[in-house]
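For the sequence shown, counting from 1, position 74 maps to 213 in the numbering used here; every step adds exactly one.
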Amino acid sequence: MEYKMKGGMGGMGMGGMGMGGMGMGGMPQLPRAAPYLLLIPGLCLCAFGLLLFFNEWLLRWIVAGLFLVVGGLLTLIGLRTKKMMGV
Numbered sequence: 140m141e142y143k144m145k146g147g148m149g150g151m152g153m154g155g156m157g158m159g160g161m162g163m164g165g166m167p168q169l170p171r172a173a174p175y176l177l178l179i180p181g182l183c184l185c186a187f188g189l190l191l192f193f194n195e196w197l198l199r200w201i202v203a204g205l206f207l208v209v210g211g212l213l214t215l216i217g218l219r220t221k222k223m224m225g226v
């Protein structure tokens, strides 16, 4: 997807020193889906926060699962590094 520049000085660059098309051309246009890229995750996070507010045991399981995943990944990386170095 190509973004077009709005406004600006048409390649004049900084202070009018014609820099061969490498100017500060203004603000790039935002994609049409930009509001939804913020609204949908925001609403999902609010719903998840309400879910955690009413089910506090869920937070314990999520934190425990996160620690297990991160710990498992670090262990696998350590084992592969050990094998690669021949130690």
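Just so it is clear, CB atoms sit at the ideal spot from N, CA and C, and this is done for glycine as well.
**Message:** On the DSSP letters alone, give me the boundaries of the alpha helix (DSSP H) that residue 209 sits inside.
**Reply:** In the sequence shown, the residue the question calls residue 209 occupies position 70. 195-224 is the span of the alpha helix (DSSP H), which, as asked, contains residue 209.
**Request:** Using three-state DSSP, classify residue 186 as helix, strand or coil.
**Result:** As a working note, residue 186 is residue 47 in the sequence shown. It is helical.
**Prompt:** For residue 172, does the three-state DSSP call read helix, strand or coil?
**Reply:** Taking the first residue of the sequence shown as position 1, residue 172 is located at position 33. Of the three classes helix, strand and coil, the one that applies to residue 172 here is coil, per DSSP.
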